[in-house]
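Under the numbering used here, the first residue of the sequence shown is numbered 528, with each subsequent residue one higher. All residues carry an ideal CB built from backbone N, CA and C; glycine is no exception. Inspection log for the structure reproduced underneath, given as C-alpha cells.
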Amino acid sequence: MQIELDRVSLAYADKTRPLDDLTLTIPSGQFCAVLGRSGAGKSSLLRLLGGMVAPTGGAARIDGMALSPAMPRALRRRIGQVHQDGALVGEASVAENIVAGAAAAMPLWRALIGLYPAWTRERAVALHLELGLDPAFLAAPVARLSGGQQQRVGVARALMLEPALVLADEPVASVDPDTARQVLSVLAAHRTRLGATVVCALHQPELACAFADRIVVIDEGRIAFDGSPELYRRSHRVEKT
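Set out below in C-alpha cells:
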C-alpha cells in the first residue's frame, strides 16, 4: 500500500501541532523506520496513518483513498497496528487477544461474542511461536505477562490478517536487544513475503538502520531527515550491528 501525505498538519484544541506541514510518500513494499525524540510526532503520524485521527490540514491517502476515522472497513482490515501501550485486554487470554486481530474480517456479531473460526486459533499459535513466546502463555491472562511479552502479543495480533500495511509504534521498547531483533525480523519477513509496507517508529537508530530501507526523522512535527540507512549512519555516526 502506498502512503501519500501532502502538507499534512494535525492540530488540537489546546493549539499543539504534533504534525506540521508534513509531506511524505512511502511506496508500497517499503520498510520505513521513523525516528525522533519523545513528543516529536512519531505516534501522531502513526495514528493518522491508521485512520485514528483525521488531518486538520493537507491531504492524507493510502492507495489513493482518503485517511480518516470514517474510512471503509475493507480498507481498515488491510492495516495492522501495533500500539505503543499494547491496547490489549488484560483479563483475556493471550490467545484471545491475538485472535481478536482477525475481528475486522468477521461479521460484527461473531466478533462481539468471540466466535472465531478454527483457522484464527491456528494462526494465533503460529504467530505466538514465531515471536518467541512460550506456548504455555497462550491460555494465561495477558495481564500476567511482562511488558515486553505483551508487546509481542500486540505484534502477533497486528499480523493476524496478513495486512498490506503494518504500523508499529515502538514495538520493541520493552524488550532486550536479541528479542528486539527477533521481533523486527518477523516484521521484515512479513514485508518480504507479502510485499507489505511497514512503518515502524523506533528509538533505536542502530536497529532502524539494520532493518529499514529508509529512515525518516521527525522533529517538532516536521521531517528533519529523510534518506537511506547508509546516509543516516554516516551523518549521525551510527555503528553497524
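Could you round the C-beta distance between L734 and A707 to whole angstroms and report it? I think they count as a contact, below 8 Å.
Residue numbering aside, residue 734 sits at position 207 when the sequence shown is read from its first letter. Residue numbering aside, residue 707 sits at position 180 when the sequence shown is read from its first letter. Correct: roughly 6 Å between the Cβ atoms.
Given 8 Å as the limit, is there contact between the region 607-624 and the region 685-700, that is, 3 or more CB pairs closer than that?
Yes, the region 607-624 touches the region 685-700.
Classify A739: buried if its beta carbon has 16 or more other beta carbons within 10 angstroms, exposed otherwise.
In the sequence shown, counting from the first residue as 1, residue 739 sits at position 212. Per the 10 Å Cβ criterion, buried.
Starting from A663, trace the beta strand (DSSP E) both ways and give me its first and last residue.
To locate residue 663, count along the sequence shown from 1; it is residue 136. Where A663 is concerned, there is no enclosing beta strand (DSSP E), given that its DSSP letter is neither H nor E.
I'd like to know if the region 720-732 and the region 548-565 are in contact, where contact means that at least 3 CB-CB pairs between them fall below 8 Å.
Yes, the region 720-732 touches the region 548-565.
Verify whether the separation of the beta carbon atoms of V680 and C727 is less than 9 Å.
Along the sequence shown, one-based indexing puts residue 680 at 153. Along the sequence shown, one-based indexing puts residue 727 at 200. The answer is no: Cβ separation not under 9 Å.
Whole beta strand (DSSP E) runs in the region 573-627 with 3 or more residues, listed along the chain?
Those beta strand (DSSP E) runs which fall completely within the region 573-627 and span 3+ residues are 584-589, 606-609.
Buried or exposed by the 16-neighbour rule on C-beta atoms within 10 Å, applied to R564:
As a working note, residue 564 is residue 37 in the sequence shown. Exposed: under 16 other Cβ atoms inside 10 Å.
Alpha-carbon to alpha-carbon, P596 and Y482
This structure does not reach residue 482, given that the chain is present from 528 up to 768, and the question cannot be answered.
What's the C-alpha gap between V616 and R761?
Taking the first residue of the sequence shown as 1, we reach residue 616 at position 89. Taking the first residue of the sequence shown as 1, we reach residue 761 at position 234. Each residue's Cα considered, the two are about 43 Å apart.
Taking the alpha-carbon positions, what's the D548 to Y759 distance?
Walking along the sequence shown from the start, residue 548 turns up at place 21. Walking along the sequence shown from the start, residue 759 turns up at place 232. If I take the Cα positions, the gap works out to 23 Å.
Could you check what DSSP says for E733 in three-state terms: helix, strand or coil?
In the sequence shown, counting from the first residue as 1, residue 733 sits at position 206. E733 falls in the helix class under three-state DSSP.
Cβ pair G748, Q677 closer than 9 Å:
Your numbering for residue 748 matches position 221 in the sequence shown. Your numbering for residue 677 matches position 150 in the sequence shown. Taking 9 Å as the Cβ cut-off, G748 and Q677 do not qualify as a contacting pair.
Per DSSP, what kind of secondary structure is R534 in: helix, strand or coil?
The residue given as residue 534 occupies position 7 in the sequence shown. Three-state result, R534: strand.
Under 8 Å by Cβ, that's how I've got V669 and S701 pegged, so tell me the actual separation to the nearest angstrom.
Residue mapping note: residue 669 aligns to position 142 of the sequence shown, counting from 1. Residue mapping note: residue 701 aligns to position 174 of the sequence shown, counting from 1. Contact between V669 and S701 is absent: CB atoms are separated by about 14 Å, not below the 8 Å threshold.
Beta-carbon proximity list for E697, same chain, < 6 Å, skipping 5 on both sides
Your numbering for residue 697 matches position 170 in the sequence shown. Cβ neighbours of E697 beyond the five flanking positions: Q611, A728.
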